[in-house]
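Enquirer: Protein chains in written order, with my numbering: chain A, 132 to 505; chain B, 132 to 505.
Virtual Cβ for every residue (Gly too), placed ideally from N, Cα, C.
Since the model is a prediction, treat every value here as computed from it, not as a measurement.
1) Tell whether a beta-carbon distance below 8 Å holds between residue 355/A and residue 196/A.
2) I believe residue 503/A touches residue 408/A by the beta-carbon criterion, under 8 Å. Please report the beta-carbon distance rounded to the nearest angstrom.
3) How many Å lie between residue 177/A and residue 456/A at the Cα?
4) Does DSSP put residue 196/B in a helix, a strand or coil?
5) Rounded to the nearest angstrom, how far is the Cβ of residue 451/B from that of residue 343/B, given a contact under 8 Å?
6) Applying the 10 Å Cβ sphere with the 16-neighbour rule, what's the burial state of residue 277/A?
7) Out of 156/A, 193/A and 163/A, which one is the CA nearest neighbour of residue 172/A?
8) Hey, is residue 486/B's beta-carbon within less than 8 Å of any beta-carbon in chain A?
9) Within the 8 Å Cβ cut-off, does residue 257/A reach chain B?
10) Grouping DSSP H, G and I as helix and E and B as strand, with all else coil, what is residue 89/B?
11) Determine, using beta carbons only, whether residue 264/A and residue 236/A come nearer to each other than 8 Å.
12) May I ask you to report which of helix, strand or coil DSSP gives residue 293/B?
13) Where in the stretch 470 to 494 of chain B do unbroken runs of the beta strand (DSSP E), each at least 3 residues long, occur, reported from the N-terminal end onward?
14) With H, G and I counted as helix, E and B as strand and the rest as coil, what does DSSP make of residue 333/B?
15) Can you tell me where the alpha helix (DSSP H) holding residue 508/B begins and where it ends?
16) Quick one: does residue 501/B have its CB under 8 Å from some CB of chain A?
17) Using a Cβ cut-off of 8 Å, which residues of the stretch 176 to 207 of chain B contact any Cβ in chain E, in chain order?
18) Name the residue from 157/B, 323/B, 375/B and 329/B whose alpha carbon lies nearest to the alpha carbon of residue 339/B.
19) Residues of the stretch 154 to 165 of chain B with a CB closer than 9 Å to any CB of chain A: list them in chain order, please.
20) Kindly list, in the order they appear in chain B, the residues whose Cβ is closer than 9 Å to that of residue 337/A.
21) Just to confirm, are residue 247/A and residue 262/A a CB contact at a threshold of 8 Å?
22) What whole-angstrom Cβ distance do residue 453/A and residue 389/A have, given they're in contact under 8 Å?
23) How many whole angstroms separate the CB atoms of residue 226/B and residue 270/B, which I take to be in contact at a CB cut-off of 8 Å?
24) Find out if the Cβ-Cβ distance for the pair residue 288/B, residue 314/B is shorter than 8 Å.
25) Anything in chain B within Cβ reach of residue 333/A, meaning under 8 Å, just list it in chain order.
26) Give the range of the alpha helix (DSSP H) segment to which residue 168/B is assigned.
27) What does residue 246/A touch in chain B if you count any residue whose Cβ is under 7 Å from its own?
28) When Cβ atoms are compared, which residues of the stretch 446 to 466 of chain B fall closer than 9 Å to chain A?
29) Using only CA atoms, which one of 480/B, 491/B, 206/B and 164/B lies nearest to residue 378/B?
30) With distances taken Cα to Cα, identify the nearest neighbour of residue 415/A among 395/A, 399/A and 423/A.
31) Which chain A residues are close to residue 260/B, counting only those with a beta carbon under 9 Å from its beta carbon?
32) Measure the CB-CB distance between residue 331/B and residue 198/A and report whether it falls below 8 Å.
33) Would you mind reading off the limits of the beta strand (DSSP E) that contains residue 357/A?
34) If we call anything under 8 Å between Cβ atoms a contact, is residue 473/B one with residue 421/B?
35) Quick one: what does DSSP say residue 305/A is sitting in, helix, strand or coil?
36) Let me make sure I understand the geometry here. Which of 441/B, 418/B and 366/B has the alpha-carbon closest to that of residue 308/B?
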């Protein structure tokens with residue numbers, strides 16, 4: 132078995148893409164031990180941390196397909212090659228000498244909300260919290276591609292990480308591509324710092340890609356090589372994985388940008404087990420964050436027992452970072468259901484009922500929070 | 132409803148202690164939505180991080196009963212009172228002027244391994260990874276208790292955190308006690324730094340207790356007050372919670388020190404979904420860490436297909452920090468089962484079959500890792 136960045140030795144099926152266990156279909160059955168193992172490894176952001184514009188270290192969501200690599204930064208090199216005028220090989224010290232940018236970016240896992248789908252695609256069983264916002268610092272990808280010189284017949288750029296394993300029966304290193312036009316955007320960054328500190332191991336140390344506006348799978352961690360290619364990349368994580376499909380046989384469409392979404396800080400205090408919320412009567416500030424990879428968030432409405440009210444929006448902090456919203460509420464005794472719904476400048480808005488798809492991707496259903504006021 | 136540190140208004144039952152949902156018994160049934168929500172909130176340490184002596188930020192396990200508080204450190208105060216000669220109230224700046232110590236400590240959740248029990252106590256469904264090691268810096272608790280002057284009839288010290296909510300039907304702030312003799316140990320620390328940096332929010336910012344050798348529930352986070360008391364504390368998290376019980380009606384015994392345990396870095400690479408390991412034939416260094424709250428680890432054995440071999444032990448880095456072990460292995464093609472088993476100087480060793488108890492506490496069964504060599 133070879134874990135290098137080879138093309139698949141077997142043709143994976145759509146089911147394999149989803150679960151890595153051939154034949155396992157979306158299910159209405161109980162959560163499996165394998166899903167629990169994934170939930171224990173991959174962590175999400177407790178929703179009370181929506182209070183913070185920047186997600187503190189260790190609370191940003193993390194999804195790792197295989198193991199977290201532990202590379203030696205002193206011997207680590209990034210290779211840039213393929214359809215370029217000159218191949219490059221750069222150590223971390225060289226990258227630090229290149230011009231740097233810092234961009235605030237909200238990243239969300241494409242599979243966020245998967246466990247809420249019915250039937251449930253069997254994979255990482257996210258609930259609602261697979262999100263986080265950080266300031267990423269590093270070299271613009273466009274700058275390095277300019278140094279290398281992209282040849283005219285290039286169509287995509289392939290990014291390969293050091294993380295290796297087996298998925299859907301296919302030995303692989305994690306790899307994803309971007310179209311040339313996306314790769315040359317000025318805000319796409321090869322990041323070596325997160326919130327001003329060295330990348331933590333689980334976020335791609337010593338170097339990762341960050342693609343603002345796209346779901347997290349595009350932002351390849353533990354980056355080893357960048358290959359400019361003349362035909363579309365067909366590696367496992369590009370297809371069959373990360374596609375919107377209606378059935379296993381549907382070729383589907385690729386998952387790309389983050390759909391508009393808002394989440395709320397659950398008010399009051401929780402019950403340990405049920406996470407149901409308890410609140411005293413009186414004034415309370417409902418607040419949360421909203422984001423979209425398709426265009427700026429233009430409105431957030433808050434639903435209180437089915438009545439929608441417009442929330443106040445704070446100034447945006449960046450094109451692809453979440454935007455704070457708030458609405459004062461006077462809580463009266465009884466049972467209440469709160470909700471929030473964002474709309475972006477393209478007119479896209481969050482659905483009230485979830486849109487099902489075979490891999491459980493791009494879920495952005497309205498969040499609902501049950502509150503007991505007493 | 133009052134969420135201050137009151138005594139319970141209702142008498143909680145043992146079932147309520149366990150699950151916060153009266154009447155929910157240990158089960159052989161499927162994982163519940165409530166357990167999945169807890170797994171999504173509370174994160175554990177991916178086992179490959181056992182390579183590191185110090186767990187990197189964000190990878191140390193975290194269990195939060197309620198929400199992560201977000202206190203304003205500038206107005207935050209620690210109150211020390213009760214059976215003392217003089218009550219104290221200290222801001223964070225005052226605490227920074229007191230003498231500081233730094234201690235390396237392995238913390239493990241008392242419920243680690245709970246999801247592996249059969250029947251399964253229904254609560255936070257840890258698999259194996261609820262552990263981590265950090266260097267904690269702060270003021271020795273004994274120093275501050277000395278300043279306050281403990282009165283002769285004092286028997287325990289009660290620690291109350293800012294985290295509030297409902298568990299087992301009981302509104303509460305998280306609170307736990309220590310016997311006086313434990314509270315006066317020289318290595319028990321009121322920590323304001325973790326690995327040299329300010330405490331992250333999820334680890335108790337701005338101040339927490341760290342009790343080396345005890346399961347994590349003793350190390351109260353977001354510390355607000357310390358009360359020296361003249362009779363044993365009976366708050367919810369002291370009893371009925373965190374006790375070794377055989378049935379719901381058994382008064383049980385309190386959970387205190389960490390039972391001897393070892394864990395292994397799973398060798399090779401994983402399958403994404405099953406986490407099964409794949410390895411090439413040839414030499415590989417098996418390694419991991421071992422710890423005990425009862426006394427130093429004195430031996431680790433590695434099981435290879437049922438044959439136990441003694442591992443090499445590195446020097447210990449502290450009385451209550453894990454100790455690295457390693458054993459070279461030549462992997463031959465086929466299916467193998469690897470295991471590790473630690474023993475401490477008290478003679479305690481890890482069981483080959485798990486010891487069941489009603490709350491799923493203190494699990495330290497031998498870890499087994501299935502590996503395909505090909």
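Expert: According to the structure shown:
1) No, these two residues do not count as a Cβ contact at 8 Å.
2) Contact holds; Cβ gap of about 7 Å.
3) Taking the straight line from one Cα to the other gives about 18 Å.
4) Residue state, collapsed to three classes: coil.
5) By a beta-carbon distance limit of 8 Å, residue 451/B contacts residue 343/B. Their separation comes to about 4 Å.
6) Counting Cβ neighbours within 10 Å, residue 277/A comes out exposed, since fewer than 16 surround it.
7) The residue among 156/A, 193/A and 163/A with its C-alpha nearest the C-alpha of residue 172/A is 193/A.
8) So, not an interface residue.
9) Yes, its Cβ sits closer than 8 Å to a Cβ of chain B.
10) Residue 89/B lies beyond the stretch modelled for chain B, which goes from 132 to 505, so this question has no answer here.
11) Going by C-beta atoms, residue 264/A is nearer than 8 Å to residue 236/A.
12) Residue state, collapsed to three classes: strand.
13) Those beta strand (DSSP E) runs which fall completely within the stretch 470 to 494 of chain B and span 3+ residues do not exist here.
14) In the three-state reduction of the DSSP assignment, residue 333/B falls in the helix class, which pools H, G and I.
15) Look at the range of chain B in this structure, 132 to 505, and you will see that residue 508/B is not part of it.
16) For residue 501/B, the answer is no, since every Cβ of chain A falls outside 8 Å of its Cβ.
17) Protein chains in the displayed structure are A and B, and chain E is not among them.
18) The shortest Cα separation from residue 339/B among 157/B, 323/B, 375/B and 329/B belongs to 323/B.
19) Cβ contacts with chain A come from 155, 160, 161, 162, 163, 164 and 165.
20) Correct list: empty, because the minimum Cβ distance to chain B is about 13 Å.
21) For residue 247/A and residue 262/A, no; Cβs fall outside 8 Å.
22) With a Cβ gap of about 10 Å, residue 453/A and residue 389/A do not count as contacting.
23) Residue 270/B and residue 226/B do touch by the CB rule: their CB atoms are close to 6 Å apart, below 8 Å.
24) Yes, the pair counts as a contact, with Cβ atoms nearer than the cut-off.
25) Under a criterion of Cβ atoms nearer than 8 Å, the residues of chain B adjacent to residue 333/A are, in order, 177, 187, 189 and 190.
26) Run containing residue 168/B: 164 to 172, per the alpha helix (DSSP H) assignment.
27) Residues of chain B with a Cβ closer than 7 Å to the Cβ of residue 246/A are, in chain order, 167.
28) Under the 9 Å Cβ criterion, the stretch 446 to 466 of chain B contributes no residue.
29) It is 491/B whose Cα lies nearest to the Cα of residue 378/B.
30) Cα-wise, what sits closest to residue 415/A is 399/A.
31) At a beta-carbon threshold of 9 Å, the residues of chain A lying near residue 260/B are 171 and 172, ordered along the chain.
32) Result no, Cβ atoms of residue 331/B and residue 198/A do not sit closer than 8 Å.
33) That run of the beta strand (DSSP E) goes 354 to 360.
34) Closer than 8 Å, so yes.
35) It is a strand residue.
36) Ranked by how close their Cα comes to the Cα of residue 308/B, the residues 441/B, 418/B and 366/B have 366/B in first place.
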